[in-house]
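> Dumping the structure here so I can ask a few things about it.
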Amino acid sequence: MATSKNFIGVLRRSHISHVFGGKFTKNSTRLLHVCLTCTTPNIANQSFRIFRGSVFTKPELEVVRYKKFHTSSFLQTGKDYYKVLGVSQNASSAEIKKAYYKLAKKYHPDVNKDDPSASKKFQEVSQAYEILGDETKRKQFDQWGATAEQMGGMGGAAGSGNAYGPQGFSQSWQYQSSIDPEELFRKIFGEAGFGNKRNNFEDFADSNYGFGEAQEVIVNLTFSQAARGVNKEIQVNVVDTCPKCRGSRAELGTKATRCSYCDGTGMESVTRGPFIMRSTCRYCQGTRMYIKHKCTECEGKGSTVQRKKVVVPVPAGIQDGQTVRMSVGNKELFITFRVEKSKYFTRDGADVYTEADISIAQAVLGGTIRVQGVYEDHTLQVMPGTSSHTKIRLSGKGLKKVNGYGSGDHYVTYRIDVPKTLNEKQKALMQAYAEIENNTPGQIFGITYKTDGNKPNDMPYSGSEENVQAEQKEGTGLLSRIKNAIFG
């Protein structure tokens, strides 16, 4: 509303209604600007009709100047809070909350420590949500481009002398937030923080009380934790009684009264032509009690979203991607586990697979080895003549079955560890063994073979004295080489 000596005007976004000499006319506004020299708003319109006496005039272009003509902050400053949040004017409350959450997390100072402009953007996003997140303020902004608090801080009607500050017209509409952006963020999303962990914000979902616990929460586990079971402590959002009003929904020092609009029935009658319909009371929302001063913490709901610690009992043997159901407060929560892969164990359901290295001597002569198990270590016997990739089963030594009884099996695969280098003694012994080895496929470096693959001493025994002497000589030479290799 703007007034002067003989003018009354009400500014809308698309038109101006004004009265001259008791006559009312309505015109579309094409341009609204402010003279930077005289700090006076000007209205320019090619079809601006002015009533003078009893004659209407329509000049080609006439500029009418009125001092102290108040406009909305949307038109004057050009700031559209819908564009700030990236939503349409028809967006629902849930869409506005999600847009604010996404942008607030993106521009939060804790994750943009090296970007000084992020703090300003975070404050701007918080200001936009403070307006659009409140139904009353949003309606005022949609209608006037500003809220009642903003319009009330401009200095009143045009008759007040301080409506325009020394810095010009725009000073009257400078936005002043009534809440700290950080406090607004914590009020909605709790003490989630902005760490490097992936699951800090995975449990947020829209609810009647703000962003409450989601239907599914992701919990990360190591292989050992999943195998043995653990009590995992996590933080989730739960809806609980408002700590300020303690569920009364009214501001401190006030209380709810019987709703006078529905006379305490919770229902109201709405007349639509010849019909009378009964519907839930719009003032008390069917609660039969009317709260004039609602609690500012819970906004009159009696409950708020609070960040709390919850201990999740993880059953032993839980698998990756497995989901369990848990009651948190008065709501059920579905918890999905993400199990980290083990570098030693390979899992297949309740069965586990490992590999164990054995030496050449253990493979040939046999022996024992000690292997790591899921819950305890095991001592295994290596049978003489064990081949590489021999697999043995440890029955019932696998993981516990979550949805059944007993445990799985532990399978161990032997691998013969062949040395890459040999010292002189080891090499001499291997060569000595190679000379008396039977049925060797192919050839061995340093050992002479016949074309048929057999060594000379593998030839059939002829029983002649020469062959006997040759074999004795060969045996004596072999023993001498072994003694020299061992004793020097």
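Counting from 559, one number per residue, gives the positions in the sequence shown under the working numbering.
Virtual Cβ for every residue (Gly too), placed ideally from N, Cα, C.
1) Buried or exposed for VAL828, going by 16 or more other Cβ atoms inside 10 Å?
2) Between which two residues does the alpha helix (DSSP H) holding ALA874 run?
3) Decide yes or no for the touch test of the segment 952 to 967 against the segment 901 to 916: beta carbon pairs closer than 8 Å, at least 3 of them.
4) According to DSSP, is LYS889 part of a helix, a strand, or is it coil?
5) On the three-pair Cβ rule with 8 Å, is the segment 813 to 824 touching the segment 985 to 993?
6) Give me the DSSP bridge partner(s) of GLY925.
7) Pair every Cβ in the segment 797 to 815 with every Cβ in the segment 853 to 872, then say whether three or more of these pairs are closer than 8 Å.
8) What's the gap between the Cα of ARG928 and the Cα of ALA914?
9) Just how far apart, CA to CA, sit LYS850 and GLN880?
10) Given TYR640, which residues of its chain have a CB within under 6 Å of its CB, disregarding the five upstream and five downstream residues?
11) For GLN877, which of LYS901, VAL960, PHE833 has the nearest alpha-carbon?
12) Go through its chain and collect everything with a Cβ distance to LYS949's Cβ below 8 Å, but skip five positions before and after it.
13) For a quick check, are the C-beta atoms of ILE893 and VAL775 less than 7 Å apart?
14) Measuring alpha carbon to alpha carbon, tell me which of GLY875, LEU891, CYS853, TYR848 ends up nearest VAL869.
15) When you compare the CB positions of TYR841 and THR815, do they come within less than 7 Å of one another, or not?
16) Is THR862 helix, strand or coil by DSSP?
17) Check each candidate in VAL777, LYS678, LYS656 and name the one with the smallest Cα separation from HIS666.
18) Tell me whether GLU826 sits in a helix, a strand or coil according to DSSP, three-state version.
19) Closer than 6 Å by C-beta to VAL788: which residues in its own chain qualify, once you throw out the five before and the five after it? Chain order, please.
20) Based on DSSP bridge pairs, tell me the residues matched to GLN793.
21) Using the three-state DSSP reduction, which class does GLN984 fall into: helix, strand or coil?
22) Under three-state DSSP, which class holds PHE895?
23) So who's on the other strand from TYR848, going by DSSP bridges?
24) Tell me which residues share the same chain as GLN920 and place their Cβ nearer than 6 Å to its Cβ, disregarding the 5 neighbours each side in the sequence.
25) State the Cα-Cα distance for the pair HIS947 and ILE974, rounded to the nearest angstrom.
26) Beta carbon of VAL645, beta carbon of GLU653: below 7 Å?
27) Could you round the C-beta distance between ALA808 and LYS867 to whole angstroms and report it? I think they count as a contact, below 8 Å.
28) Considering only the beta carbon of each residue, do GLY962 and PRO942 sit closer than 7 Å?
29) Give me the residue from PHE895, GLN864, GLU693 with the minimum Cα distance to ASN778.
30) Going by DSSP in three states, ASN754 sits in which element: helix, strand or coil?
31) Quick one: Cα of VAL886 to Cα of VAL796, how far?
32) Would you mind giving the Cβ-Cβ distance between VAL976 and ILE918, rounded to the nearest angstrom? I have them listed as a contact below 8 Å.
33) Expressed to the nearest angstrom, what Euclidean distance is found between the alpha-carbon atoms of ASN981 and THR937?
34) With a CB to CB cut of under 6 Å and the five nearest residues on each side skipped, what residues in its chain are close to GLY753?
35) When DSSP labels each residue in this structure, what does ARG915 get in the three-state scheme?
36) When burial is assigned at 16 or more other CB atoms within 10 Å of the CB, is SER945 buried or exposed?
Here's the rundown:
1) exposed
2) Run containing ALA874: none; DSSP gives neither H nor E here.
3) yes
4) strand
5) no
6) VAL940
7) Taking 8 Å as the limit for Cβ pairs, the verdict is that the segment 853 to 872 does touch the segment 797 to 815.
8) 9 Å
9) 49 Å
10) GLN647
11) VAL960
12) Excluding sequence neighbours, LYS949 sits near TYR969, VAL970, THR971, TYR972.
13) yes
14) Closest option to VAL869, Cα to Cα, is LEU891.
15) For TYR841 and THR815, no; Cβs fall outside 7 Å.
16) strand
17) LYS678
18) strand
19) VAL872
20) LYS867
21) If DSSP states are grouped into helix, strand and coil, GLN984 belongs with the helices.
22) strand
23) Secondary-structure assignment with DSSP links TYR848 through a beta bridge to THR815.
24) VAL940
25) 8 Å
26) yes
27) About 30 Å separates the two Cβ atoms, so there is no contact after all.
28) no
29) PHE895
30) Because ASN754 sits at a pLDDT of 38, beneath the cut-off of 50, its placement in the model cannot be relied upon, and the following sentence gives the value as read from the coordinates. Correct three-state label for ASN754: coil.
31) 7 Å
32) 7 Å
33) 30 Å
34) Low local confidence applies: a pLDDT of 41 at GLY753 is under 50, so the model's placement there is unreliable, and no value is given.
35) In the sequence as displayed, the identity of residue 915 is Asp instead of Arg. Three-state result, ASP915: strand.
36) exposed
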